[in-house]
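Working notes, beginning with the structure itself.
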Amino acid sequence: MRELYARLKALYPLGELTEQRKNLAFVTVPAAHLRDTLLHLRDKEGFTHLVLLTAVDWLEEGQFQLTYLLNNRALACDLGLRVLIQRDTATMESIHDLWPTAATYQRELREMFGIDFPGSPRIEEEFILEGWNSIPPYRRDFDTLKYAQEAYAERPGRVTHDPETHMRLQMYPGQHPAGK
Amino acid sequence: MTTKPELMKRMVKGPDGLEFEVDPLRDYYCEAPPTVMPGAYIQIVEDFFNWARSKSLWILGFGTGCGAIEMRPLMTPRFDAYRFGVAWRPTPRQANLFIISGYLSTKTLKRAIRAYEQMQNPKYVIGLGSCTINGGMYWDSYNTIKKLDEYLPVDLYIAGCMPRPEALLAGFEEMKKIIRTGKAEGANQYAENFAWYKANQKRVIHDWDMPDYNW
Amino acid sequence: MLDIFPPDRTQYPAKKADGTLDIDLTSGKYLKLWQGPNHPGITGNMSVELTVCGDEVVEGKTHVGYLHRGFEKLMERRTFIQVFPIVCRVCVPEPDFNEYCYAACVEELAGIEVPEMAKWIRAMILEMGRINSYMMYLGGQAGALGQGVIGQWTTYVRDLMLDRFEELTGARIYHMFILPGGVRDTLPDGFAGRMEETLCEVEKTLKDVYDVMFCNAVFKKRTVGMGVIDPSWLEPYGVTGPNARAAGVAKDVRKDSPYLIYDQLDFEPVTGQNSDIYTRADVRRRDVWVSVDLIRQILAKMPKSGAVMAPLPNVLHWQIPRGETYVRGECSRGEYGYYLVTDGSGYPRRINVRGPSYTHAMALLERMIVGCNISDVAALMVSLHTYPPEIER
Amino acid sequence: MSFKDVLSPFTAWKHLFHDPVSIRNPIGRAAAPRYRGFHQNDIEKCIGCGTCETICQNGAIDMVPVEGIQTKQGDSGLRPRIDYGRCCWCALCVDVCMTKSLNMSNIYTWVESDGDAFRFIPGVDKKPWDDAAHGYRRPDDHQLTGPTRLREHMPEMEPEERIGSFAEIVHGYNVEAAKLEADRCVSCGLCVATCPTHMAIPQYIKAIRDGDYDLGVALLYETNPFSSICGRVCTRKCESTCAARHEGDAIAIRWLKRHIMDQVSDEQIKKVVGQPAAPTGRKVAIVGAGPAGLTAAFDLAKKGHQVVVYEALDKPGGMTRFGIPEYRLPYDVIDRDVDVIRSVGVDIRCNVRIGQDITLERLKSDFDAVLIALGLQDGRGTRIPGSDQPMVRKAVDLLRRVTAGEDIGTPRQAVVIGGGNVAMDIARTLARLQKKQYGEVKVILTALEDLPHFLADADEIKESGEEGIIILDSRGPQQVVIENGQVTGLKTWKVKAIFDEQGRFAPTYDETDEQFHPGTMVVEAIGQMADTSLLGDALTEQLAWQRGRLQVDAGGRTSEAWLWSAGDMVRGPDVVSAVADGHRVAASIHAAITQGVQQ
Amino acid sequence: MTEGVHGIERLRGKTSLKEILEVATHFEESARDFYKGLIPKVSKRIRYLVEELAAEEQSHYDMFAALAQRTDIAAQVKAEIERTAADSKFSDCIHLPDLGDNPDDQAVLQYAMGREHAAMSHYGELAQTTPAGPIRELFVFLASEETKHKLELEKLYYETVHRGGGV
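Chains as they are written, first to last, in this note's numbering: chain C, 1 to 180; chain A, 181 to 395; chain B, 396 to 788; chain X, 789 to 1387; chain L, 1388 to 1554.
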């Protein structure tokens, strides 16, 4: 893995290598160099299998992390390419021409994270959701519980008690909490 | 209301060269709302009907959620629900019992409503598992409904996640009892409170691209 | 078969500049036909939007989302232990891989060493689940071609296996048995004996299935040469599992990068050459034999006693340091994997479930379905062995 | 394609001759013994800690009050109600149940037309599966609430080492050990109601887990300005109601509190505690610089009142300083807590004895309110024959003199009467003094109670034994033996039974079992009482009394509107109860003097 | 020791149940008066104790007086002694203090216990020397009444003196 990293590093401005296990590592790639890196890995290094393409929302940092996980079956090792993109613009180059199956991943990311991949087939179409009317649900700032409570009726009558508060009310009725 | 292209009114030229107008929303759907089906005038006749109905529960083979997996054993020799007068049908038009087998995403809810409305009277609904009762483990999901009886009239709930085939069989027996005693009034309830059900349905189905009623 | 009835390409729609088909519904040449979600010829709750010309499919679009519950979102607001009960719900017919992959991810990032005994039990559960999944498939594949009896038999033996699951894990479908740190409990008394009886039933049924399904002129006629996945498609479409192995590539995570205790077991991945529906079915049928053998090996080789749970920190406030990992396993459909990102808090930052159906049922199916006959759509779809819930989660 | 392919499918017909595999009556078929079906709860065992509710990822569990179950120490009185419209039968609730009261039967059939019916309180609402014998029970080694049920080991001095000195025995947890111990807490909060001052225990334990010690200190000071002291010598009633004790050791709440205080520097504590509010111009006099007085002083000073504390002895701290030996509570720890209290503007004047140096009348006229928190500084005597000898001493007097650095004339052999913490304190103090002076320990401790009913902490008893003190339980003191005008020992009778069925004291003696315990000094360490002589006869007559104690209202106000009373003298001896009382009284005084209802 | 206790010797000559009860009633009366006289002497702080003791003696007085009025004394007494209280002798180990001016609570309690103890043993002794019959039963009854009272006092003593939470 280290040698591979050295070879890649010579070609592209990569970030630090994170070796998660002996056969799995992650490395950060600038968005502009992703396509070349992927091509190089696919055609020269035998990383022919696109395992997955997904995103992580680092809301606090204002970034989306796109993870392209590639697998080299002969070496039985995986390399994850991390691409950090701006959360507010959220656009990335499509790679559906390298792996047709990436189009599906990109459709999902578009719908669930609101990340655009211009040129990707059927990117505009609804994929999983139907008639979605809120911010993309996988974004961290989307509160699913709040949405669910507002949108869907629940069976009424649920009420619970906090043991600590309940005990104090029962055992020391009328007493104002000491020191507070 | 956004209408999909294939649902839009258009002129179509047939293979024979004749042009004709197609308006899917009008042509494919029925706009007449369901009506309450009164019982037989003579009670003993109604009792007979109910007895007969209870003997033939024909289930719509639409697996809406996880629970569908426990229906396969019922259709096969080990549990063999057929001997209890329970059968599965591939189309709503032949079925009278709709089992909502667990959670319903809003996308499936739309199809489930349509399937339900396509079923012939008398028809019954069984809700399977926690999800249909109060949301189950998807209680905080943005995409599933929590309380089935807001959207469809439910005659019976079976607890479990998911309920075992044996529990389902017990549910069928209970369902039969309810039908025999003439208490399975879900379909009439749906007709009576049609506006209320529709309002609830429309509240959660955002791309309502069909008329209110179809069968 | 394709040679006998070559498709009539003249009827095909032309391509537009952007590569999509120019289908003019008003032309009267084409018909849109929805198969699913409420349809007997569909695998699970999904649908395929077919555009047909005559009875030939010129375009197919897979539609999913009917089973979407937003798992990856729900997981983000549950603690690490609270995620454990919900992961299995991602895939109904073979839930254990979710439990295993999730547990393995968490264990890796939290630095937990799983006891030896737990690894063997996990492997056995995964193989039991694989048999069940294949049994569902065989019934479905035969059913898609009108052979109801196969489903009757396979569902029966699957049910016997569910009994084994029940006595071992305490549940039939969603076992919730493999949790981060190990497994819940040890084998019950006399389990191996009852397991052996069940395995004998499985073998007996497999022989019947072979005679009645695979040596069946009708089945052969309709599946040999049908729905071929070209070996060159494997990588671009991310094809894994039996779908790839039927095309002659011995892709099997159990062998390629052994997990749990698979390096201590003796087996060879099953492969086929023709990559058609028949071969894929046959690869799966033979894979059941492998699983049966693996379970026997596991029961013979596993330690007789030992802890089944590693000591866990108090799960009520379990925090895992920042990190990311991906753990995969070979499920009955191919590569199943979990991608877990943690941020040092008590909740996962992100979990992505990579199910094999994701690629198989979407891009691959859409490609394969073109040129297919309407009546073969169901058989083709089933032959890819896709489970919709793992696509949309 | 071959001829075989046409014939082969017909082999299916052989099944015609097989027995059917259908289950004859599948409804209600018994599930596997381990099957996770509907819940059962032993409501007698259940303590309503709500851990099941916390773990449930489906929000399926509500904690609800149940008729017939009273809230009491260590039992919230709540019981889980389960919503089968939410449950997923994962049994995490069973796995984390602190008492193993919650289980699952292997019954699985429940059908109902009414969707609202699927909510029930297991064990309370009668269900057909209540008595099912099988079902999911948590396997013994399946443990999710921490890797161990045992308390994290507390490093401390070995007996040989500690007996020779007055250095503090307990070293306190390091950060790692504290985190491990804090990790065992399930944050149920049952302890909070039990703690007299209702400290935010789960919250400050969480602060330890998070390593946020400033927050920890802030939480401690919300309810207890004596946290360093309580972190060492608190009677920790909280630990007796800890949910973890049902299957192991209670969380070491006291040590964790101490750990927080140990981790933060004095300056930082003062910074966290902050500065008092703007001066109100109101003045409060407090008599007695013990926990109750100083807590009240701290609260009142923080509210901006001018507070003067008068202490008769030469150092503040009260019984924490003069009653508790140094090896349990080093004096600099007391100084530290007092220092923080001073930092908010409390004026502590030592060596001022009210009634002698200043009269109470004077305080009444000079201040807006007066609080007396005198404590219980006088020891009770047994008054058995011979107990009027000079070498028969009171434990509290001896301890006070040891603290003051006086020579108490350490005897070579001593007999201590009493089974409480004070008795242990004096026995161990004498043991140390003996070791220093004579090189050997000869202390016998006799107590009326049998060992399980000792009032002293189990730790104290264990450590006393380790230090060479002979503990004789169930011995009733009968007579101090005097020969030639010198005390030579103590005669005791065996106590046959000490408590009656109601758990009240009703001793019976076995006179035939008489023992003689040699010793040149007999120390009485039984009860304590207050010396209220400073009130003077007139005021004593004027005040209302309640069974020997000053009659006070909930806020500690006496029948005289200007006078409040707090601490041991009204509540009985306990540091943390005194602190709680201090808070209550401070609130009452504050309300009174800011509303101008002062007479 | 005051005359009230030793005066029980006067009972030796009495032979009718009514007479004995009258004497016993008189003893209780004198004890009550003694405690009542003590009330102003002690600090107000512990006055409750003496008041309680006086009230206790008063209740004994009332009971004996009521008993004396009844015609079925013998049967009544028989029913009572079946519930004889056990003597626990805690007070045996305490020597009776001289109740000077301004006694403290411990002293008062000790005095009271000693008094009840003496009464108890005297009645017991009388019962033993009296031949079986109604009179003996009456002495047994009286002894048991004093024992019960002593027992209550001992509990109070333990809680006040030994159980830390003193006054």
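For each residue, glycine too, the CB sits at the ideal point set by N, CA and C. Please read all numbers here as calculations on a predicted model, not as lab measurements.
Original post:
Helix, strand or coil for D1054/X per DSSP?
Top reply: helix
Original post:
Which chain C residues are close to N314/A, counting only those with a beta carbon under 7 Å from its beta carbon?
Top reply: E154 and R155
Original post:
Can you tell me whether DSSP reads Q1063/X as helix, strand or coil?
Top reply: coil
Subject >> DSSP bridge partner residues for W268/A (one or two, in chain order) >> reply: Within the DSSP bridge table, the entry for W268/A names I239/A as partners.
Original post:
Hey, R640/B and T666/B are a contact pair by Cβ (cut 8 Å); roughly how many whole angstroms apart?
Top reply: 5 Å
Original post:
In its own chain, which residues sit with a C-beta less than 7 Å from the C-beta of D1156/X, not counting the 5 before and 5 after it?
Top reply: R1070, K1071, V1072, I1381 and Q1386
Subject >> For M590/B, the three-state DSSP class (helix, strand or coil) >> reply: helix
**OP:** Confirm, please, whether the CB-CB distance from L1164/X to A1374/X is below 7 Å.
**Re:** Between A1374/X and L1164/X, the gap from beta carbon to beta carbon reaches 7 Å or more.
Subject >> Any chain C beta carbon closer than 7 Å to C1018/X >> reply: It does not: the Cβ of C1018/X has no partner Cβ on chain C nearer than 7 Å.
Subject >> Euclidean distance between Cα positions of S1478/L and G1264/X >> reply: Since pLDDT at S1478/L reaches only 49, below the 50 mark, its modelled position is unreliable, and the value read off the structure follows with that caveat. Approximately 11 Å between the Cα atoms of the pair.
Subject >> Separation of L34/C from L11/C, as counted between CA atoms >> reply: 12 Å
**OP:** Would you check if the distance between the CB atom of V683/B and the CB atom of I545/B is smaller than 7 Å?
**Re:** no
**OP:** Sort D57/C, R73/C, L81/C and C77/C by Cα distance to T67/C and report the nearest one.
**Re:** L81/C
**OP:** Examine chain X for any beta-carbon lying closer than 7 Å to the beta-carbon of P33/C, and answer yes or no.
**Re:** In the sequence as presented, Pro is not what sits at residue 33/C; that position holds His. For H33/C, the answer is no, since every Cβ of chain X falls outside 7 Å of its Cβ.
Original post:
Along the stretch 549 to 561 of chain B, what residues have a CB closer than 8 Å to any CB found in chain X?
Top reply: Y551, D558 and E561
**OP:** Below 9 Å between beta carbons is the criterion; list the residues of the stretch 1408 to 1435 of chain L that meet it against any residue of chain X, in chain order.
**Re:** S1430, K1431, R1432, I1433, R1434 and Y1435
Subject >> Assigned secondary structure, S1353/X (DSSP; H/G/I helix, E/B strand, else coil) >> reply: strand
Subject >> Own chain partners of T1389/L with C-beta closer than 6 Å, once the 5 adjacent residues on each side are dropped >> reply: Bear in mind that the predicted position of T1389/L carries a pLDDT of just 43, short of 50, making it unreliable; the figure below should be weighed with that in mind. There are no such residues.
Subject >> Environment of R649/B [buried if 16+ CB atoms lie within 10 Å] >> reply: buried
Original post:
Just curious, the alpha helix (DSSP H) that E211/A is in, first and last residue?
Top reply: From DSSP, E211/A is part of no alpha helix (DSSP H); its letter is neither H nor E.
**OP:** State buried or exposed for H959/X, treating a residue as buried only when at least 16 other CB atoms are found within 10 Å of its CB.
**Re:** exposed
Original post:
From Y1297/X to L1088/X, what distance separates their C-alpha atoms?
Top reply: 51 Å
Subject >> Minimum Cβ-Cβ distance from M1309/X to chain C less than 7 Å >> reply: no
Original post:
Which residues in chain X sit within 8 Å of F259/A, going by Cβ to Cβ distance?
Top reply: Counting only Cβ-Cβ distances below 8 Å, F259/A has contacts in chain X at S810, I811 and P814, in chain order.
Subject >> Per DSSP, cross-strand counterpart(s) of L84/C >> reply: Q65/C
Original post:
Do M317/A and N846/X have their CB atoms nearer than 7 Å?
Top reply: Contact flag set, yes.
Subject >> Beta-carbon contacts of Y5/C that lie in its chain and below 8 Å, excluding the five residues immediately before and after >> reply: L14, L17, A25 and V27
Original post:
Is there a Cβ from chain B that is less than 7 Å from the Cβ of R874/X?
Top reply: The C-beta of R874/X comes no closer than 7 Å to any C-beta of chain B.
**OP:** Give every residue of the same chain whose Cβ lies closer than 6 Å to the Cβ of V1367/X, excluding the five residues on either side of it in the sequence, and list them in chain order.
**Re:** T985, N1012, F1014, P1079 and T1083
Original post:
Is G309/A near G351/A, with beta carbons less than 7 Å apart?
Top reply: no
Original post:
What did DSSP end up calling A1473/L once you bin it into helix, strand or coil?
Top reply: Summary for A1473/L: the model assigns pLDDT 49, below 50, so the residue's position carries little reliability; its value from the coordinates is reported in the next sentence. Reduced to three states, the DSSP call for A1473/L is coil.
Subject >> Enclosing beta strand (DSSP E) for T54/C [first to last residue] >> reply: H49 to W58
**OP:** Would you kindly check if the distance between the Cβ of Q65/C and the Cβ of L84/C is under 7 Å?
**Re:** The criterion of a C-beta distance shorter than 7 Å is satisfied by L84/C and Q65/C.
Original post:
Exposed or buried, what is I1286/X when buried is set at 16 or more other beta-carbons lying within 10 Å of its beta-carbon?
Top reply: buried
**OP:** Please report how far the alpha carbon of E1251/X lies from the alpha carbon of M1357/X, in whole angstroms.
**Re:** 29 Å
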